[in-house]
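From first to last, the protein sequence lines stand for chains X and H.
Per this note's numbering, residue 1 is the first one in the first sequence, and the count goes up by one each step.
Per this note's numbering, residue 1075 is the first one in the second sequence, and the count goes up by one each step.
Glycine residues also receive a C-beta, built at the ideal position from the N, C-alpha and C atoms.
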Amino acid sequence: MSQKQYWKGIGQLQNPAAENEVADEFNESLPFDLSGNLLDATTPRRDFLKFLGFSTAAATLAASCEMPVRKVIPYAIKPEDIVPGVPNYYASTFADGGDYAPIVVKTRDGRPIKIEGNELSTITGGGTSARIQASVLNLYDKTRQRFPAAEGKEVTFDALDRQIKEALAGNTAPAYILTSTILSPTTKDVIAKFIAKYPSAKHVTYDPVSYSGMLLANEASYGKRALPSYHFDKAKTIVSLGADFLGTWLSPVEFSWQYSKGRNISARNTEMSKHYHIESNHTITGAAADERATCKPSEMGAVVVALYNAITTGAAPATGSAKLKAMITQAAADLKKGNGLVVCGSNDVHVQTVVNAINSAIGADGTTINRAVTSNYKQGIDGDMMMLVDAMNNGQVGALFIHGLNPVYEYFDSKKFEAGLAKVPVTVSFADRMDETAQKCKFIVPDHHFLESWGDAEPKSGYYSLMQPAIAPLFKTRAFQDSLLIWAGETTTYGDYWQSYWTGKLGSQENFDRALQNGVIEPAAMPMGGGSFAGNLAAATAAIQATQGAAVEVMVYEKVSIGYGGAWSNNPWLQEMPDPITRATWDNYACMSPVLAKKMDAELTALNEVVPEKRVVSIKINDTEIKLPVMVVPGMHNEVVAVALGYGRDEKVGRAAAKTGQNAYPLISSNGTTFNAYSATATVTKTDTVHAIAQVQTHASYEGRPILHEFTLEEFKKDPNALLNERAAEINKYAALPWEKDAEHHGGAHEGAEAGHDTHAAAAAGHAVAAASAVPDEEGFRKNGTLYPDYEHLGIHWGMSIDTNSCTGCGACVIACQAENNISVVGKTHVIQSHEMHWLRIDRYFAGKVEDPDSIQTIFQPMLCQHCDNAPCENVCPVSATNHSSEGINQMAYNRCIGTKYCANNCPYKVRHFNWMDWNGADCFDDNLYEDYRRDDINDDLTRMVLNPDVTVRSRGVMEKCSFCVQRLQDAKLTAKKEGRPVKDGEARTACQQACASGCIVFGNVNDPESKISKIRKEEQKERTFYVLEQIHTLPNINYLSKVRNTDLVNAAGVEKGHETIFPNDDFSQRPHA
Amino acid sequence: MIRRFAQRAFIFFSVLLINSTAIAQPDGKALFTSNCASCHHPVKKSTGPALQGVDGRVPSKEWLHKWVRNSAGMIASGDEYAQKIYNEYNKTAMTAFPNLTDEEIDAIVGYVNSYKAPTTAVPAGGGATAPKEDNTWLYGVLTGILFLLGVILWRVNSGLRRAAHQKEGIPTEDEIPLYRNKVVIALTCIVVFIFCGYWIVNGAIEMGRQQNYQPEQPIFYSHKVHAGINQVNCLYCHAGAEKSRQAMIPSANVCMNCHMQINEYTSEETHPLYTAEGVKVNGTEEIKKLYDYAGWDEKTGTYKRKPNGEIDSRPIPWTKIHNLADHVYFNHSQHVAVGKVQCQQCHGDIQNMDEVYQFSPLSMGWCINCHRQTKVQFESNNYYSIFEKYHKELKSGEREGVTVEDIGGLECQRCHY
């Protein structure tokens, strides 16, 4: 059988032997010298005995102390709606700049501990992203500004208000309110009130990652400066030109949800959208795409024009690689079939004008693009910001109020902004911390965290979402709106204004209460509308043709985790979340294709992913130099360097953010109207230094076993049963035992038993048998494939299904799991040592030719404890700390674990994580806490408030792993018991399942034939169902659904046919015995 | 210890007495306990009037029925007697019980009328019934004497033998002193090893367990006075036991629901209060401590307030008695609401404790034993309908019942996660 080759990194592809470096589970040598005579060793027996004696004595001393006297302190006056121990949920809104999601906040005993998506929203459908999940940790950020300050000293609000009012009254030059995109209609009203009081005041909106090219192009093309609503669910052909719409572009949660609807296929419904993706770097949207090609950022305009021409005139494209040209032609043909959608990530007005022309030409307006309902996610106009900076430098700004922005860090020409800021007499920052800008401002009036605020959002015209506080303000902060109202001389508070606004708008108190409870206010049906294109295409095309490129272009991008920076930079969960593509943590770096890295002489060897030390390159632009390590990313364009934003923060932003990576904002360039997210003038040179990066992909090895199944859509349509038959051929051999020749003994109970009648025949002609019985005889395999007894699962048997087709790798599940299960952050040093603790990781595999970025296909596989019914880890535990429950859960009893790590060694999926250090101060010994002066704020008393009180905080020396969120399952069961009914399907949900925006995780009771999970496995998706490493008879309770790519181009090396079983090129026999 | 024993004996008899009188109207008693007892006493004035003979006092039976179901409505309607009662009791509104039927109200009235206060035959301070004679010490002393006698006889015997041998000129071995006798040394070692080992292992197992832990509390709160004598329902204060993981220690405002009216301890005669050390406690003073925490101004009959209008109260820092290790998840509602376990099963005779102590060891073995023996509410709770096999077995008579163990109640992750 020809094999599609999947590889974790180029090391594995080109020199499998190098992978031996990571064959050991833990990438470090033991701290003893075991060579030669034991007595001559540096750690001889006597030392061992000394240590043994000391630790025994210490343990005795520590343990023999008396039980402490504990207090139990009830409320003085218990709030009526709080029952200690029972969580309350409040509907609210996540809004960060223009990033938006309606959410439900889980509070325990008055403190928010978890954020879920609001399923009543028709925009997001209850999805979340990694950042939304992690936002609860920002609330408890130790570095938050705790009081209002003037010139760095704490002042009272009264004194501060007096000073600012006086300054405003005496001002001759106009005041400016500089904000990021504001979704809140009431906040806009408040700003209007302020401007009414000070008529010369102006409001400037600016976004660190700008979409003003699109806004201006839409204004020119359709007469309205607004972004439309996209409908990826209605699109049959999606062409994305550098728009990472599943990861970072505009509204990824919304788009992931829509996109997954077009990707959810089964043997009975093979309708699938076709997704073409052209980009410069490698994003998760590129990984999800069916066809992917690359171009330089400066060439994006030319590609857009070529696509336009291919659609309108049928002209053959002349830009880019052969694959790119072929793709444009093919995409043009598909787009013309109707229901097409073209999106583009460029911030160039001209490029976006041509994109509008394309969408107009293919009739997307009114079908997949809705211009009747605008998206308000981004409203910033770069030109306004440039004018403001000029005005500041000319001394024409009397006062500057900065909200939601940090221009000293985020503005590309930060020196100019800083110089201007010094000339403004009154500067006020509403930042939540002493960030780069707040430090330079005269006043800091910290705004509440969004979980402490009243508020609202209008993400789309006519769609509203309310924000309510889930906790009283932790510090002496004040709502931004309240400050403006006070300075405008208003007497109402924002809370009152907000309430009367919404009570008035909704008609009655009752409606208001209901809206507050539901969180969202939405029209019954979305009005649909197109527009007629009236842009100046000729001018746009001419401008695009004049675009200058460079031999090597440096672009910036947003990471799924850190985004534009802001408070996210100091979020340890997000810092330690592996980037979906690079799988690196705690750093930013210069991403390069293997070819470019070779040119840069980055010592590109087969050990690239294994050795943390990476060659540092220097990127110079104007007079700024940033030094970053090289990260080799297959699938990047060969002449592009990509650097993530949000790193290189000031020390006062927080310990996790400081000294981590470099600031990439200076790489943004201005074209006079808008900012381009790339620079064609930067130079990249090699330096002599190296820098260690904590990358996790090569941690844990599958030892070359097949773990993934992928088909092309064509292959799947032709033979949907290929995988089923393959499994049946293997499994049905076990339908009956050799001595159970007589079918009556065994068969009848399950289908396919007849295949086992004659085991000789079955063994002789596996495929023939498979054809005879399409359904794998799982029962027979379960029973007969092992020497161990088969245990009954009475009542409930939990199971999970993960669809690799709709998984985008976004990592929301990883952070949701971390938040739900109190998973430790270990810090960069220990990630390098393979000590990361994530219970759920998303493995990323490449396929294709290393040197050809257009051939790279990338696949994600969420990997967590498979809860094997015949688990290899359970048999080897000497103390039975890990064992199986009657509900099919592989249980882990921490208090029983003695830390032998046998289970981790014996786990074929490598999902067990050992607590090498006391990450959280959970040890009974004092002062044992691990500190690296970077991740440590996670253990602050304030930050600990985020811990889930239903889950044990693990101490040093114990193993841990996914528990299927057993606390949630127990809670669902208890609720059902109290109501005297069985658990309903969908009632017990795991944190990862709930967080997933694409809905690729299904969880439920397999024993219930009506449950979604049973139906998926037995009916709806039986053709795509497979179990990882099923052949070793671990009987996992997690199944995966095979990946189906809507492509007929076969890129992967050595592949002639569509579906292949994938053996990573990792020759097991060549390994030395560890 | 002896005092507690005496108290228990006393309570046992008095409960027996109450039960024997109440047994004729079980319905009325239960209704009274769950609905009325937190504010009313049959023969004593508390938040509300003493209820004995209430049917004779009120204008009519129908009036009483209406009043119980909607007292506020009657006061508002200007009913003369209703107004009088309302004013007499500091204008404290009585909770409406719209769900009580006429028969149920009559049953309650029947119960309170038949109620007799427990006899006060037992003198204060306890010690009425002496503890049962314990003869163990006698046996111990006897054994000791016999052992000593044996040793003396053995010594006398060997001394005499040596004397006899000397007389007869038979050479005798030098006598090895007892402390150098190898057999004695070996035996002593083994005995010491066994005893010390037992002591260490037992100590290690017991580590962190606090059975019989009875700390001093900031307020001398007597469960006996509240739950025992005045029969306040456990769930009135520990409302979380049915809903939540935690049973909930009531907040001071819950105490104040009753103690706004009850400002002195009036049962000094019948039930004087003593700490475990035997120190006399002034109940009224303890109520004053509560007022201090709750911010209640007894003189004005109002709450003290902070400048911002909030009640000036502080939480009461109780000392926690029942401590489970952090890696144990215990849910009260699972046991109380689903398992229908009585509070007393784990917390002991709580209605007879003046000062609470930890009754059960709260060890894992103790939990497991109960899970092994206790049968779940298998037939009555439809949740268990999914265990079809057990239902079949029950029907066919193969099985007598389903224990917690049978449905996985001994698995690690039922309690550890």
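(message) Is the separation between the beta-carbon of N138 (chain X) and that of T107 (chain X) shorter than 8 Å?
(response) Your numbering for residue 138 (chain X) matches position 138 in the first sequence. Your numbering for residue 107 (chain X) matches position 107 in the first sequence. Not in contact: N138 (chain X) and T107 (chain X) (Cβ atoms no closer than 8 Å).
(request) Give the secondary structure of D158 (chain X) by DSSP, where H, G and I count as helix, E and B as strand, and everything else as coil. (result) Counting from one through the first sequence, the residue named residue 158 (chain X) turns up at place 158. It is helical.
(request) Closer than 7 Å by C-beta to S1318 (chain H): which residues in its own chain qualify, once you throw out the five before and the five after it? Chain order, please. (result) Your numbering for residue 1318 (chain H) matches position 244 in the second sequence. Apart from the 5 residues on each side of it in sequence, S1318 (chain H) sits with its Cβ closer than 7 Å to the Cβ of H1406 and S1407 in its chain, given in chain order.
(request) Determine the contact status of G380 (chain X) and Y206 (chain X), defining contact as a CB-CB distance below 8 Å. (result) Along the first sequence, read from residue 1 onward, the residue named residue 380 (chain X) stands at position 380. Along the first sequence, read from residue 1 onward, the residue named residue 206 (chain X) stands at position 206. Closer than 8 Å, so yes.
(message) Just to confirm the assignment, what range does the beta strand (DSSP E) spanning D803 (chain X) have?
(response) The residue labelled residue 803 (chain X) in the question sits at position 803 within the first sequence. Here the beta strand (DSSP E) through D803 (chain X) covers W798 to D803.
(message) Could you pull the DSSP bridge partners for C344 (chain X) from this structure?
(response) Here the question's residue 344 (chain X) lines up with position 344 in the first sequence. Per DSSP, X:L241.
(request) List the residues that DSSP assigns as beta-bridge partners of W7 (chain X). (result) Within the first sequence, numbered from 1, the residue matching residue 7 (chain X) stands at position 7. Beta-bridge pairing links W7 (chain X) to X:F846.
(message) Within 8 Å, do at least three Cβ pairs link the stretch 545-563 of chain X to the stretch 819-834 of chain X?
(response) no
(request) Closer than 6 Å by C-beta to I544 (chain X): which residues in its own chain qualify, once you throw out the five before and the five after it? Chain order, please. (result) Indexing the first sequence from 1 puts residue 544 (chain X) at position 544. Only G301, V305 and H350 meet the Cβ criterion.
(request) Tell me, please, which residues DSSP counts as bridged to D109 (chain X). (result) Position 109 of the first sequence, counted from the first residue, corresponds to residue 109 (chain X). Answer is none; D109 (chain X) lacks a bridge partner.
(request) Give every residue of the same chain whose Cβ lies closer than 7 Å to the Cβ of K197 (chain X), excluding the five residues on either side of it in the sequence, and list them in chain order. (result) Start at 1 with the first residue of the first sequence, and residue 197 (chain X) comes out as number 197. If we look at K197 (chain X) and ignore the five residues flanking it on each side, its Cβ neighbours are A488 and G489.
(request) Starting from H1033 (chain X), trace the beta strand (DSSP E) both ways and give me its first and last residue. (result) Here residue 1033 (chain X) is taken as the residue at index 1033 of the first sequence, counted from 1. Careful: H1033 (chain X) lies outside any beta strand (DSSP E) and carries neither H nor E.
(request) Within its chain, find whatever has a CB closer than 8 Å to the CB of I1255 (chain H); leave out the 5 residues flanking it on each side and keep chain order. (result) Here residue 1255 (chain H) refers to the residue found at position 181 of the second sequence. The residue you asked about is not Ile; residue 1255 (chain H) is Asn in the sequence shown. Result list for N1255 (chain H): empty, nothing under 8 Å.
(request) Report the three-state DSSP secondary structure of Y230 (chain X) (helix, strand or coil). (result) Locating residue 230 (chain X) in the first sequence gives position 230, counting from the first residue. It is a strand residue.
(message) If distances are taken between C-alpha atoms only, which option among X:V831, X:S273 and X:E254 comes closest to Q575 (chain X)?
(response) Your numbering for residue 575 (chain X) matches position 575 in the first sequence. Closest by alpha carbon: X:V831.
(request) Return the first residue and the last residue of the beta strand (DSSP E) that M1322 (chain H) is part of. (result) Within the second sequence, the letter at position 248 stands for residue 1322 (chain H). Note, M1322 (chain H): premise wrong, no beta strand (DSSP E); not H, not E.
(request) With DSSP as the reference, label S670 (chain X) as helix, strand or coil. (result) Along the first sequence, read from residue 1 onward, the residue named residue 670 (chain X) stands at position 670. Strand.
(message) Could you compute how far the alpha carbon of H1312 (chain H) sits from the alpha carbon of Q1320 (chain H)?
(response) As a first step, residue 1312 (chain H) is located in the second sequence; it is residue number 238 there, counting from the start. As a first step, residue 1320 (chain H) is located in the second sequence; it is residue number 246 there, counting from the start. Each residue's alpha carbon lies about 9 Å from the other.
(request) Tell me, to the nearest whole angstrom, how far the beta carbon of D482 (chain X) is from that of Q145 (chain X); I am working on the premise that it is less than 8 Å. (result) Here residue 482 (chain X) corresponds to residue number 482 of the first sequence, with the count starting at 1. Here residue 145 (chain X) corresponds to residue number 145 of the first sequence, with the count starting at 1. 16 Å between Cβ atoms; not a contact.
(message) Suppose you measure from the CA of N316 (chain X) to the CA of A322 (chain X); what does that come to, to the nearest Å?
(response) Within the first sequence, residue 316 (chain X) is the residue found at index 316, counting from 1. Within the first sequence, residue 322 (chain X) is the residue found at index 322, counting from 1. Before going further, note that residue 316 (chain X) is Ala rather than Asn in the sequence given. If you take the alpha carbons of A316 (chain X) and A322 (chain X), they lie about 11 Å apart.
(request) Check each candidate in X:A538, X:A524, X:V643 and X:P634 and name the one with the smallest Cα separation from I626 (chain X). (result) Counted from its first residue, the first sequence places residue 626 (chain X) at position 626. Of the candidates X:A538, X:A524, X:V643 and X:P634, the one whose C-alpha sits nearest the C-alpha of I626 (chain X) is X:V643.
(message) Under DSSP, the alpha helix (DSSP H) around R478 (chain X) begins and ends at which residues?
(response) As a first step, residue 478 (chain X) must be located in the first sequence, where it is residue number 478. No alpha helix (DSSP H) holds R478 (chain X); DSSP gives it neither H nor E.
(request) May I ask you to report which of helix, strand or coil DSSP gives V1275 (chain H)? (result) Mapped onto the second sequence, residue 1275 (chain H) falls at position 201. Of the three classes helix, strand and coil, the one that applies to V1275 (chain H) here is helix, per DSSP.
(message) Could you compute how far the alpha carbon of M1330 (chain H) sits from the alpha carbon of Q1305 (chain H)?
(response) Position 256 of the second sequence holds residue 1330 (chain H). Position 231 of the second sequence holds residue 1305 (chain H). Whole-angstrom Cα-Cα distance: 17 Å.
(message) Quick check on R968 (chain X): buried or exposed, where buried means 16 or more other Cβ atoms within 10 Å of its Cβ?
(response) Within the first sequence, residue 968 (chain X) is the residue found at index 968, counting from 1. Burial call: buried.
(message) Buried or exposed for D1480 (chain H), going by 16 or more other Cβ atoms inside 10 Å?
(response) Start at 1 with the first residue of the second sequence, and residue 1480 (chain H) comes out as number 406. Buried, because 16 or more other Cβ atoms sit within 10 Å of the Cβ of D1480 (chain H).
(request) Report the three-state DSSP secondary structure of S280 (chain X) (helix, strand or coil). (result) As a working note, residue 280 (chain X) is residue 280 in the first sequence. The DSSP-derived three-state label of S280 (chain X) is coil.
(request) Could you tell me whether the Cβ atoms of T128 (chain X) and E119 (chain X) are closer together than 8 Å? (result) The residue given as residue 128 (chain X) occupies position 128 in the first sequence. The residue given as residue 119 (chain X) occupies position 119 in the first sequence. No.
(message) Quick check: I278 (chain X) and E271 (chain X), are their CB atoms within less than 8 Å of each other?
(response) On the first sequence, position 278 is the one that residue 278 (chain X) refers to. On the first sequence, position 271 is the one that residue 271 (chain X) refers to. No; because the gap between Cβ atoms is not below 8 Å, this pair is not in contact.
(message) Suppose you measure from the CA of R1045 (chain X) to the CA of P185 (chain X); what does that come to, to the nearest Å?
(response) Here residue 1045 (chain X) refers to the residue found at position 1045 of the first sequence. Here residue 185 (chain X) refers to the residue found at position 185 of the first sequence. The alpha-carbon atoms of R1045 (chain X) and P185 (chain X) are separated by roughly 42 Å.
(message) According to DSSP, simplified to helix, strand and coil, what is A762 (chain X)?
(response) Start at 1 with the first residue of the first sequence, and residue 762 (chain X) comes out as number 762. Annotation note: pLDDT 39 at A762 (chain X) (below 50); position unreliable, no value reported.
(request) Could you tell me if R1488 (chain H) is buried or exposed, where buried requires 16 or more neighbouring beta carbons within 10 angstroms of its beta carbon? (result) By 1-based counting over the second sequence, the position of residue 1488 (chain H) is 414. By the 10 Å Cβ count, R1488 (chain H) comes out buried.
(message) Does P1036 (chain X) pass the burial test, meaning 16 or more other C-beta atoms within 10 Å, or should it be called exposed?
(response) Your numbering for residue 1036 (chain X) matches position 1036 in the first sequence. The residue in question, P1036 (chain X), is buried, as its Cβ has 16 or more Cβ neighbours within 10 Å.
(message) Per the DSSP calculation, T1210 (chain H) is bridged to which residue(s)?
(response) Position 136 of the second sequence, counted from the first residue, corresponds to residue 1210 (chain H). T1210 (chain H) pairs with nothing; no bridge assigned.
(request) Pull up the distance between the alpha-carbon of A657 (chain X) and that of D435 (chain X), whole angstroms please. (result) Along the first sequence, read from residue 1 onward, the residue named residue 657 (chain X) stands at position 657. Along the first sequence, read from residue 1 onward, the residue named residue 435 (chain X) stands at position 435. A657 (chain X) and D435 (chain X): Cα-Cα distance of roughly 11 Å.
(request) Tell me, to the nearest whole angstrom, how far the beta carbon of C1486 (chain H) is from that of N948 (chain X); I am working on the premise that it is less than 8 Å. (result) Locating residue 1486 (chain H) in the second sequence gives position 412, where the first residue counts as 1. Locating residue 948 (chain X) in the first sequence gives position 948, where the first residue counts as 1. Rounded, the Cβ-Cβ distance is 19 Å, inconsistent with contact.
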